[in-house]
Structure formats: C-alpha cells, structure tokens
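**Student:** Quick one: the structure is below, and I'll ask about it shortly.
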C-alpha cells in the first residue's frame, strides 16, 4: 500500500477499481486547515486524464505493470504483430491498443509491451530511433535564417521537421517522445 504522502511521478495505483498512473503531483500545505496532495493522473486503460486531491494518509494498492521486450514484426493492415524473442510467442494487437506508438518504429525493432493482469494497454517505442529520409525539399544556399526547418518524410511514413541542410537519403536520429529531429547520423 502506498500512502498519498509518498506519491511520485510515474507511479501506478489501483483506485476505485481503475488503474491510474501519476503524471504530476504536488504537496499543498495551506495556512489554515490540513495538508493535501493534488494530483494529475492518467487512466491507463482508457487514456483519460483526471485531477484529484487526496489526504496524505490515504492509502492505495500499487498496480503491477508488466513491461516485456518484444520485437515488432509487421502490420497486416488491421493488426500489429509482435514476438517475444525469449520464447518466440507471438501476439497481435489492434490499432486501439497501439495508438501512434509505432509512428517512428520500423519492422524488426524492439519495443516494450505494457500490460496489467495480461491485458495489454500500451506499446512503448525505443526513446531514440535512426531513420532514413525518403522525401524532402532541397535546401538552398543562403537560405539560412536562424532555426529554419522544412518537413521531411522518413521511411516509416511519419513527417519530421528538419534543418534546411538535411537531404534525402540522410539518416537522422529522432526522439520518439516528442517527434523532434536530434541529429544527422554519419
């Protein structure tokens, strides 16, 4: 059992039969009255975000989340297929469980499958990926206004904004959490 006074970002709890992950929390001690904990939590099953306050002595059971490394095999249009590389067991997930998590992930790359009591609720891509640019406008000399960017389509089909000097067939590093260009890879 975790008391509200011990909340941390990223902690998963079972509250009123639902599983929540704490996104933000704040301990508040008003001048008058008792202290309380203000939280912003995400329901990991349906993705809804709620704000709730708790007394510091309230206790909740911690939810056990399993994160398994799996290889993304392919998509057949409706389902996305993954394989556990330890025991070769395969699972297929529909788009509602995946969301846009595979926007920057190529086939045969490793991802983390997150589940609670055997029910998969999300897929975590690697933090950084290296992808080849398949289409972008050419950059022009002298076109070097500070921080200028242009759209580029990478091999997974996602669009990333890159600096003007980046060209087609360059391999770039992308932060999958934000979708931002980080650097060119030699």
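Numbering (our numbering), first residue to last: -16 to 169.
Don't be surprised by glycine CBs; every beta carbon is placed ideally from N, CA and C.
Remember, it's a predicted structure, so these values are computed and weren't measured experimentally.
1) Determine the extent of the beta strand (DSSP E) in which residue 78 is found, giving its start and end residues.
2) CB-CB under 6 Å to residue 63, same chain, minus the five flanking residues each way: which ones, in chain order?
3) What is the DSSP secondary structure of residue 135, counted as helix, strand or coil?
4) Is DSSP giving residue 52 helix, strand or coil here?
5) Please report how far the alpha carbon of residue 165 lies from the alpha carbon of residue 119, in whole angstroms.
6) What is the C-beta distance between residue 41 and residue -14, in whole angstroms, given that I count them as a contact (C-beta under 8 Å)?
7) If you drop the 5 nearest sequence neighbours on each side, which residues of the same chain put their C-beta closer than 8 Å to that of residue 26?
8) From residue 60 to residue 105, what does the alpha carbon distance come to, in whole angstroms?
9) Quick check on residue -4: buried or exposed, where buried means 16 or more other Cβ atoms within 10 Å of its Cβ?
10) Which same chain residues, not among the five before or five after residue 36, have their C-beta less than 6 Å away from its C-beta?
11) May I ask you to verify whether the stretch 91 to 108 touches the stretch 146 to 153, counting CB pairs closer than 8 Å and requiring at least 3?
**Tutor:** In this structure, then:
1) As a working note, residue 78 is residue 95 in the chain shown. That residue, residue 78, is in no beta strand (DSSP E); its alpha helix (DSSP H) goes 78 to 81.
2) Residue numbering aside, residue 63 sits at position 80 when the chain shown is read from its first letter. Only 76, 81 meet the Cβ criterion.
3) Residue 135 sits at position 152 when you count from the first residue of the chain shown. Residue 135 falls in the strand class under three-state DSSP.
4) Taking the chain shown and counting its residues from 1, the one referred to as residue 52 is at position 69. Looking at residue 52 - three-state DSSP - the assignment turns out to be strand.
5) To locate residue 165, count along the chain shown from 1; it is residue 182. To locate residue 119, count along the chain shown from 1; it is residue 136. For residue 165 and residue 119, the distance between alpha carbons rounds to 17 Å.
6) In the chain shown, residue 41 corresponds to position 58, counting from 1. In the chain shown, residue -14 corresponds to position 3, counting from 1. 7 Å between Cβ atoms; contact.
7) As a first step, residue 26 is located in the chain shown; it is residue number 43 there, counting from the start. The answer, listed in chain order, is 1, 2, 3, 32, 33.
8) Taking the first residue of the chain shown as 1, we reach residue 60 at position 77. Taking the first residue of the chain shown as 1, we reach residue 105 at position 122. So the two alpha carbons sit approximately 18 Å from each other.
9) Within the chain shown, residue -4 is the residue found at index 13, counting from 1. Buried is the call here.
10) Translated into the one-based positions of the chain shown, residue 36 becomes position 53. 19, 21, listed in sequence order.
11) no
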